[in-house]
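Structure first, then comments.
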């Protein structure tokens, strides 16, 4: 299983961020390749940080989802709206593998 995590420090309007995140969550949940879509928030440390998690069965499923949202104007608008309210320096994308990583794909 693959977990794609976007972590961002909110420096702007939380209401706009919340609206954008909800739109992105709903768009992700509607995609057949997305197994889970949820948010996490810090309990300690940077309390203005948000983590959006998407779970896929494989990298191929993640790629299929990424390709599909590039043409989704609603998703792109929501992502742009959120991006305007977060610190660009503290806006990071991570990938977690549930299984042992065998290195980068060679084909």
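Residue numbers (my numbering): 11 to 117.
All C-beta atoms in this analysis are idealised placements derived from N, C-alpha and C, irrespective of residue type, glycine included.
Taking residue 60 and residue 88 to be in contact with their CB atoms under 8 angstroms, please state how far apart those CB atoms are, rounded to whole angstroms.
In fact, because the Cβ distance is near 14 angstroms, the residues do not count as touching under 8 angstroms.
Would residue 66 be called buried (16 or more neighbouring beta carbons within 10 Å of its own) or exposed?
buried
In angstroms, rounded to a whole number, what distance separates the CA positions of residue 80 and residue 53?
33 angstroms
Could you tell me if residue 24 is buried or exposed, where buried requires 16 or more neighbouring beta carbons within 10 angstroms of its beta carbon?
exposed
Cβ shell of residue 15 (< 6 angstroms), same chain only, five flanking positions each side left out
61, 63, 104
Taking just the CA atoms, how far does residue 90 sit from residue 97?
13 angstroms
Apart from the five residues on each side of it in sequence, which residues of its chain come closer than 7 angstroms, Cβ to Cβ, to residue 106?
13, 15
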